[in-house]
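**Q** To start, I am sharing the structure in question, which I have written as structure tokens.
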Amino acid sequence: MNRYKILLLSCIILLFSQPLICADNSATNQLAGHYSPYLAMHGHDPVDWMPWGEEALTKARKQNKLIFISSGYYACHWCHVMHRESYSSQDVANIINANYIAIKVDREINPVLDKRLINFVQITTGSAGWPLNVILTPDGYPLVGATYIPKQQLQTSLQRIATQWKKNASDLQGEAKSMHERHATLIRRSDNKGQKKHIADNQAAFVQQTMQLANTLQGGFSEAQQFPSTPQLLALLRLKKRPQAVNDFLQLTLDNMQNRGLHDVIGGGFFRYTMEPGWTRPHYEKMLYTNALLPLIYLEASHQFANSQYQKTALETLTFLQNEMQGADGGFIASLSAVDDKGVEGGYYLWSGEALKKILDKEDFHLLSLAWNISEDTAEHLPMLQMTLDMLADKLKQDKNVLRNRLQEINQTLREYRQKHREIPRDTKQLAGWNGLVLAAFARLSVIDPSLKPAGRKLATFLSSLWEGKQLRRAAASGAAGTLNDYAAVGWGLLQWGQVEKDKVAIKTAEALIQTAWTSFYTEKGWRENEHELLPDPVYRQHIEDSSLPASEALLVDASLMADNPAFHRLASQLLAKSTLEVEEAPYSYASLISVAQKLER
156 MNRYKILLLS CIILLFSQPL ICADNSATNQ LAGHYSPYLA MHGHDPVDWM PWGEEALTKA
216 RKQNKLIFIS SGYYACHWCH VMHRESYSSQ DVANIINANY IAIKVDREIN PVLDKRLINF
276 VQITTGSAGW PLNVILTPDG YPLVGATYIP KQQLQTSLQR IATQWKKNAS DLQGEAKSMH
336 ERHATLIRRS DNKGQKKHIA DNQAAFVQQT MQLANTLQGG FSEAQQFPST PQLLALLRLK
396 KRPQAVNDFL QLTLDNMQNR GLHDVIGGGF FRYTMEPGWT RPHYEKMLYT NALLPLIYLE
456 ASHQFANSQY QKTALETLTF LQNEMQGADG GFIASLSAVD DKGVEGGYYL WSGEALKKIL
516 DKEDFHLLSL AWNISEDTAE HLPMLQMTLD MLADKLKQDK NVLRNRLQEI NQTLREYRQK
576 HREIPRDTKQ LAGWNGLVLA AFARLSVIDP SLKPAGRKLA TFLSSLWEGK QLRRAAASGA
636 AGTLNDYAAV GWGLLQWGQV EKDKVAIKTA EALIQTAWTS FYTEKGWREN EHELLPDPVY
696 RQHIEDSSLP ASEALLVDAS LMADNPAFHR LASQLLAKST LEVEEAPYSY ASLISVAQKL
756 ER
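Note that this note's numbering has the sequence shown beginning at 156, numbered continuously upward.
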């Protein structure tokens, strides 16, 4: 057995030696015409892709073939690169088609599957991301995985693993199952009862760990890539008591996120993350969930810090969503791509001084050269604020209100020019859970700006239409059942909208979703996040950690406490009385749950 482990390890080393990075064929496969743009773009690959489902898994078992799963999403730049380099190649396709059952996954449609595979790759290699490529045994146990892999390396690795499978299938199958059992044992141990009596008792540890991770010079929680860690920021804002250092850190982070490269100065909205700690060089994809959650944070911060600019940022982000991502049916699409229609990353958002001089008059260009630090050269820059309005007014000796109006007019001119002369590919999927988060933002901000109510009303109607009485659809164009996240987020959003607008239909639908979520996803073993799990031996969790979104569990508990239903309150109270070792050792990852638990703090 040891020599087989060495062979397997050599494959893993080959696959993972690359750094993490997130042909015109007439043939078609089962993905052609799929409602997911990400899957549809692979519909003419020579790879014989199948969608995720029982059919593909049954085929793998019958033919005793390894399963090759490639997971990604439409806004992911390196997913497109790997598509062009490898999956459009007949040479790569020949190896995959001969030796594997190939399954292409849109991670936004199958988030629970993707999470399980991400966790596997994270545990086995120390890092994970997209595109995600994982090989499983025919019975569904992950064997080896990697992120971006160059074409030649992919071919060599796939061929070598296929050869080992033909020689030593039973040993490799046993090793894959053994790895799963070891990982499951670790998870179950971390889910053991903790030392604390209540989830709320972890607040002090959360603050301590979060501030240890905080970048107090630039804001955010990283010395490398900077993500707007919305669960943690919102949890810090909602602490009942916090040190001044936390307030300083929050304002530093919020200022840099809105004034530097994470924020699109011209069109509004926020990018998914920046590639360095100073928030200046974004990865240009715009995700719906980012632009749903950040308005909630900026609104909360505007009240706490008496900062009108934060409220303005929140409102402008919802305006961006209406302009760029809302469909005629009221639902919002999933994302805007990182690359433009010419395949240039960030091409939609970058400007040269030379180009701006052709669009603007001399006086307006001079104003922008100060405000954005744009020179007259031909190099392309991402506009970002270099001077506050007060600083500009002082330097130019002009009235602040006059300058504000001029800047707004310039932005409008450039926005219209961009829309007319440039294009950005869009992922048109309308996901239930993400739209639920958007509705919560519209509910809270429509109290301040009633002009948001028509868009919120259409969205509430759209979300209610996804509830079919017994099942919530995951996406508007799909009959697939929603995950725990969909039920929790849609219930959370509809309940808040219903309470603000006195909308009895929205409240009734929300309560039905909350009830179904508790009944269908919370078991004696703990949480499951899918009703029907196709991979073997799913691991149940006592508590669910945050990702880039608040944990589904936290959203459901919050909605349960907001609802006028004593049964929901009891369920939430019982759950919050169960602290675990994992929550106590990694409170940063459970920010949303710890924050919600404050509502029942003893």
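From the three backbone atoms N, C-alpha and C, an ideal C-beta is built for every residue, glycine too.
Please report how far the alpha carbon of Q319 lies from the alpha carbon of A248, in whole angstroms.
**A** Cα to Cα, Q319 sits roughly 19 Å from A248.
**Q** Using a 10 Å radius around the Cβ and a threshold of 16 neighbouring Cβ atoms, would you call G416 buried or exposed?
**A** Buried, since its Cβ has 16 or more Cβ neighbours within 10 Å.
**Q** Taking the alpha carbon of H235 as the reference point, which residue from K733, Y503 and V494 has its own alpha carbon closest?
**A** Considering only alpha carbons, the answer is V494.
**Q** What does the alpha-carbon distance come out to for the pair K441 and A230?
**A** Approximately 8 Å, taken between the alpha carbons.
**Q** Residues in its own chain within less than 7 Å of E700 by CB, not counting five upstream and five downstream?
**A** Cβ neighbours of E700 beyond the five flanking positions: A706, S744 and Y745.
**Q** Identify, in the order they occur along the chain, each residue of the same chain with its Cβ nearer than 7 Å to the Cβ of L368, setting aside the five sequence neighbours on each side.
**A** Correct list, in chain order: F376 and Y743.
**Q** Would you mind stating whether R271 and Y228 have Cβ atoms separated by less than 8 Å?
**A** Contact flag unset, no.
**Q** Does DSSP put D658 in a helix, in a strand, or in coil?
**A** Residue state, collapsed to three classes: coil.
**Q** Pick from V299, T292, D294 and L291: whose alpha carbon is nearest that of A283?
**A** Measuring from the Cα of A283, the nearest candidate turns out to be V299.
**Q** Taking 8 Å as the threshold (C-beta atoms), are L313 and I251 in contact?
**A** Contact flag set, yes.
**Q** Where do the ends of the beta strand (DSSP E) carrying Y255 lie?
**A** Looking at the DSSP string, the run of the beta strand (DSSP E) that includes Y255 is Y255 to D261.
**Q** Within 10 angstroms of the Cβ of N556, are there 16 or more other Cβ atoms? Answer buried if so, exposed if not.
**A** That one is exposed.
**Q** Going by DSSP in three states, D719 sits in which element: helix, strand or coil?
**A** Coil.
**Q** Of all the options Q464, K332, L287 and I529, which has the alpha carbon lying nearest to the alpha carbon of P691?
**A** Residue K332 is the option with its Cα nearest to P691.
**Q** Rounding to the nearest angstrom, what Cα-Cα distance links L755 and S715 in this structure?
**A** Distance between the alpha carbons of L755 and S715: 12 Å.
**Q** Beta strand (DSSP E) containing S225: first to last residue?
**A** Segment L221 to G227, the beta strand (DSSP E) holding S225.
**Q** Judging by CA-CA distance, which residue of A187, L391, Q697 and L558 is the nearest neighbour of L730?
**A** Per the Cα distances, Q697.
**Q** On the DSSP letters alone, give me the boundaries of the beta strand (DSSP E) that N556 sits inside.
**A** No beta strand (DSSP E) holds N556; the alpha helix (DSSP H) holding it covers K555 to H576.
**Q** Run through the region 296 to 337 for me and flag every whole beta strand (DSSP E) of 3 or more residues, listed as ranges in chain order.
**A** Qualifying beta strand (DSSP E) stretches, in chain order: 297 to 301.
**Q** Less than 6 Å between C-beta atoms, sequence neighbours within five positions excluded: which residues of the same chain meet that for I256?
**A** Closer than 6 Å at the Cβ level, and outside the excluded window around I256, lie A211, K214, A215, K220 and I222.
**Q** Would you report the Cα separation of D419 and Q481, rounded to the nearest angstrom?
**A** If I take the Cα positions, the gap works out to 18 Å.
**Q** With the cut-off set at 8 Å, would you say T583 and P192 are in Cβ contact?
**A** It is a contact, given that the beta carbons lie within the stated cut-off.
**Q** With a threshold of 6 Å on Cβ separation, who are the neighbours of V593 within its own chain once the five nearest residues in sequence on each side are excluded?
**A** So the qualifying residues of the chain are A447 and F487.
**Q** Can you give me the C-alpha to C-alpha distance between G653 and A587, rounded to a whole angstrom?
**A** Approximately 17 Å, taken between the alpha carbons.
**Q** Roughly how many angstroms separate the alpha carbons of E666 and M546, rounded to a whole number?
**A** Between E666 and M546, the C-alpha separation is close to 50 Å.
**Q** From the DSSP output, which residues share a beta bridge with R393?
**A** Answer is none; R393 lacks a bridge partner.
**Q** Taking just the CA atoms, how far does A339 sit from V694?
**A** Going by the C-alpha atoms only, they are around 6 Å apart.
**Q** Count the CB pairs spanning the region 427 to 446 and the region 378 to 385 that are closer than 8 Å, and state whether there are at least three.
**A** The region 427 to 446 is in contact with the region 378 to 385.
**Q** Distance, Cα to Cα, K575 vs Y504?
**A** Approximately 13 Å, taken between the alpha carbons.
**Q** Please return the same chain residues whose Cβ sits closer than 6 Å to the Cβ of A768, not counting the five positions on each side in sequence.
**A** Outside the displayed range of the chain (156 to 757) lies residue 768, so it cannot be described from this structure.
**Q** Measure the alpha-carbon distance for G349 versus R343 and round it to whole angstroms.
**A** Their Cα atoms are separated by approximately 12 Å.
**Q** Report yes or no: do the region 640 to 650 and the region 610 to 620 share at least 3 C-beta pairs separated by less than 8 Å?
**A** Enough Cβ pairs lie closer than 8 Å, so yes.
**Q** Name the residue from A632, H687 and E688 whose alpha carbon lies nearest to the alpha carbon of G188.
**A** Closest by alpha carbon: A632.
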